[in-house]
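>
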Amino acid sequence: DQQVKQNSPSLSVQEGRISILNCDYTNSMFDYFLWYKKYPAEGPTFLISISSIKDKNEDGRFTVFLNKSAKHLSLHIVPSQPGDSAVYFCAASADDYKLSFGAGTTVTVRA
Amino acid sequence: EAQVTQNPRYLITVTGKKLTVTCSQNMNHEYMSWYRQDPGLGLRQIYYSMNVEVTDKGDVPEGYKVSRKEKRNFPLILESPSPNQTSLYFCASHGRGGLYNEQFFGPGTRLTVL
Chain A
1 DQQVKQNSPS LSVQEGRISI LNCDYTNSMF DYFLWYKKYP AEGPTFLISI
51 SSIKDKNEDG RFTVFLNKSA KHLSLHIVPS QPGDSAVYFC AASADDYKLS
101 FGAGTTVTVR A
Chain B
1001 EAQVTQNPRY LITVTGKKLT VTCSQNMNHE YMSWYRQDPG LGLRQIYYSM
1051 NVEVTDKGDV PEGYKVSRKE KRNFPLILES PSPNQTSLYF CASHGRGGLY
1101 NEQFFGPGTR LTVL
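Chains A and B, in that order, give the protein sequences. First residue of the first sequence: 1, per the numbering used here; consecutive thereafter. First residue of the second sequence: 1001, per the numbering used here; consecutive thereafter.
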């Protein structure tokens, strides 16, 4: 049973607009959350993370929001650029060595 | 250049023929993991290692073996591959204290078992 869920398999957005990716989790022991980005034929690369003691973390165009009571997090990309077209994975952990991933959301940024 | 390497990148084999996928990292990381990626399921952890000679099962360990005899290497062994092990495999590593911010993934190995 997947403990991290990304219910939107795909997202299409116009260049310059905001992309919002959503992620839900079921395990209340998760205390660290991450987003990874993956291009075809490459391994995932770390994008941004947030600890459960925070509700927001920002890094340039990328912001992650965490709502612990709802067990929900989201990734905002503003403004979206063509190079942002990729698969985005949400992940969560409760310790140093196990990560649980969502199924991924494919983002397509239209010119 | 800091990196995780995997070999082979592509492999087609037949049911029951033992195979090994190698993984090596040059960052002196303590932690290493193997994942498989399947459509609609994301990445699922197969095995992980916290240091030399210390390994443990992830979420989907059935049909796989690993070993960690050296810090830099973490091979994945399929003793008797079956078609349901057809997947895209990733090796990853990160250092102690770095949490997952510094987790590096290899480029992936696409395995097809006929």
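Idealized CB from N, CA, C, for every residue including glycine. Computed from a predicted model, the values in this text were never measured in an experiment.
(1) Short check: CB of residue 94 of chain A to CB of residue 30 of chain A, under 9 Å?
(2) Among residues of its own chain, excluding the 5 on either side of residue 104 of chain A, which ones have a beta-carbon nearer than 7 Å to its beta-carbon?
(3) Per DSSP, what kind of secondary structure is residue 1051 of chain B in: helix, strand or coil?
(4) Label residue 125 of chain A either buried or exposed according to how many other C-beta atoms from any shown protein chain fall within 10 Å of its C-beta, with 16 as the threshold for buried.
(5) Counting only runs that start and end within the segment 39-85 of chain A, where is the beta strand (DSSP E) found for 3 or more residues in a row?
(6) Say whether chain B places a C-beta atom closer than 9 Å to the C-beta of residue 42 of chain A.
(7) Could you tell me the alpha carbon to alpha carbon distance between residue 12 of chain A and residue 65 of chain A, rounded to whole angstroms?
(8) In chain A, which residues lie less than 7 Å from residue 1074 of chain B when you measure between Cβ atoms?
(9) Within the 9 Å Cβ cut-off, does residue 1033 of chain B reach chain A?
(10) Name the chain A residues whose beta carbon is nearer than 7 Å to that of residue 1050 of chain B?
(11) Figure out for me which residue from B/1067, B/1080, B/1107 and B/1089 has the closest Cα to the Cα of residue 1035 of chain B.
(12) Give the interface partners of residue 104 of chain A over in chain B, defined as CB-CB distance under 7 Å, in chain order.
(13) Taking just the CA atoms, how far does residue 1058 of chain B sit from residue 1114 of chain B?
(14) Looking at the structure shown, is residue 1084 of chain B part of a helix, part of a strand, or coil, going by DSSP?
(15) Nearest to residue 1107 of chain B by alpha carbon, out of B/1020, B/1025 and B/1031?
On the basis of the supplied data:
(1) yes
(2) Only 6, 87, 88 and 89 meet the Cβ criterion.
(3) strand
(4) Nothing can be reported for residue 125 of chain A: it is not among the residues displayed for chain A, which extend from 1 to 111.
(5) 45-51, 56-59, 62-67 and 72-77
(6) yes
(7) 21 Å
(8) Within 7 Å Cβ-Cβ: nothing; residue 1074 of chain B doesn't reach chain A, min ~13 Å.
(9) yes
(10) Here the neighbours are 97.
(11) B/1089
(12) 1042
(13) Their backbone Cα atoms lie some 25 Å apart in a straight line.
(14) Helix at residue 1084 of chain B.
(15) B/1025
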